[in-house]
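Residue numbering for the sequence shown follows the working numbering, beginning at 748 and increasing consecutively.
We put the beta carbon where it would ideally sit given N, CA and C, even for glycine.
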Amino acid sequence: MDLVRHLRYFTVVAEELHFGNAAIRLGMAQPPLSQRIKRLEEELGVRLFDRSARQVRLTEAGRLLLGEAREIVARVDRLHELARQGEGTVLKVGVPPDLAAAVIAALVAGFRETNPGVRLAPAEIWTSDQLAALAEGAIDVGLVRHPVSAPGLRFGQVLVQAQGVLLAEGDPLAGVGEVHLADLAGRELLMPPREGEPGMHAETLAECRRHGYVPVQVHEGVGLGLVLAGAAVAFGPKVELPGVAWRPLLGSPIMCRVSVAWRPATAPISASVDDFAAVAVRTLKESAGMTDERAVPVRRVSRRPGMLA
748 MDLVRHLRYF
758 TVVAEELHFG
768 NAAIRLGMAQ
778 PPLSQRIKRL
788 EEELGVRLFD
798 RSARQVRLTE
808 AGRLLLGEAR
818 EIVARVDRLH
828 ELARQGEGTV
838 LKVGVPPDLA
848 AAVIAALVAG
858 FRETNPGVRL
868 APAEIWTSDQ
878 LAALAEGAID
888 VGLVRHPVSA
898 PGLRFGQVLV
908 QAQGVLLAEG
918 DPLAGVGEVH
928 LADLAGRELL
938 MPPREGEPGM
948 HAETLAECRR
958 HGYVPVQVHE
968 GVGLGLVLAG
978 AAVAFGPKVE
988 LPGVAWRPLL
998 GSPIMCRVSV
1008 AWRPATAPIS
1018 ASVDDFAAVA
1028 VRTLKESAGM
1038 TDERAVPVRR
1048 VSRRPGMLA
């Protein structure tokens, strides 16, 4: 058994807590993924997930294994990357796993134009893991979500992107113009993992509560399977997906704030980091519709009767 590969499958399922979404992210069918997780459980002699018709949860053994599994997978990836560095200068970049593939492609293409002698090596990891990877030198630069606190790191220009709400096509709110956050009352919410995006997670839920929306339950994951099934809503930029409706939020109360982050470095890598920061700002504005944080006007949204303080 290829233990590292099976651990990689395990970490993705643990992040998604949904076998279907994990299979899509891994580019494979769900039955083989389930079989490989079962094989890993048999190899380790423990049950890693509690499975039910509605929910997948990590067992205590699964929670204990997850940190070690991530470290093993990251170290193996690092070994592969070191082996490839003989091909030339490599800039290792962390990007959020839910960043659109088209945006990542634009980042790579834009950087290649200005730095043809440097190969960009993106790794899809959440903000908290990026901060740790930056501190350890596992990556050179990251694209992180705010708010973050990381003494010793430097941050580039903060860009913002207004988030709308993603709903099932048949949701009653799919036919309205702007949705007030309070209109989402009674619905479950799908968000990126709290462990991976703790600052954004806390800020988003606080903003929801301030505007009268307290999710019945918060699911953590990346895929939109729960939204398609009408079991949850999610926040995100405008997308065109079959079965999913996107609607703007009144007053744009939910904002995604991102910036480039890096640790102080010496030449020649510092020049490549500066170039990537410039390319990232330009690409995120052009391909993701982001704007300068200071250029976004403040819109007031009145609270509805009976809203929580």
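Asked	Found
For residue 801, which residues does DSSP report across the bridge?	DSSP, once it has assigned bridges, lists no residue as partnering residue 801.
If you follow the beta strand (DSSP E) that residue 1037 is in, where does it begin and where does it stop?	No beta strand (DSSP E) holds residue 1037; DSSP gives it neither H nor E.
Which of helix, strand or coil does DSSP assign to residue 880?	helix
Whole angstroms are fine: how far does the CA of residue 749 sit from the CA of residue 1035?	38 Å
Identify, in the order they occur along the chain, each residue of the same chain with its Cβ nearer than 7 Å to the Cβ of residue 985, setting aside the five sequence neighbours on each side.	911 and 993
Taking only the alpha-carbon atoms, compute the straight-line gap between residue 1054 and residue 955 and give it to the nearest angstrom.	With a pLDDT of only 41 at residue 1054, under 50, the local geometry of the prediction cannot be trusted, and no value is derived from it.
Just how far apart, CA to CA, sit residue 794 and residue 1030?	44 Å
Which runs of the alpha helix (DSSP H) fall wholly inside the region 836-901 and span at least 4 residues, in chain order?	848-861 and 874-883
Mapping DSSP to helix, strand and coil, what is residue 1006?	strand
Have a look at the DSSP bridge pairing and note the partners of residue 967.	938
Can you tell me whether DSSP reads residue 908 as helix, strand or coil?	strand
Check whether the region 834-850 touches the region 867-876, counting contact only when three or more Cβ pairs, one atom from each stretch, lie closer than 8 Å.	yes
Using CA atoms only, rank isn't needed, just tell me which of 952, 888, 891 and 939 is closest to residue 741.	In the structure as shown, the chain starts at 748 and stops at 1056, and residue 741 therefore has no counterpart that could be examined.
Can you tell which of 1009, 970, 1002 and 1039 has the C-alpha that lies nearest to the C-alpha of residue 844?	970
Relative to the C-alpha of residue 945, which residue among 963, 891 and 957 is closest?	891
Looking only at DSSP bridge pairs, what is residue 994 linked to?	912
Following the continuous alpha helix (DSSP H) through residue 760, name the residue where it begins and the one where it ends.	750-763
Buried or exposed: residue 802, going by 16 or more other Cβ atoms within 10 Å of its Cβ?	exposed
Closest to residue 1028 by C-alpha separation, out of 786, 1040 and 920, would be which residue?	1040
Within its chain, find whatever has a CB closer than 8 Å to the CB of residue 906; leave out the 5 residues flanking it on each side and keep chain order.	1004, 1005, 1006, 1028, 1031, 1032, 1037, 1038, 1039 and 1040
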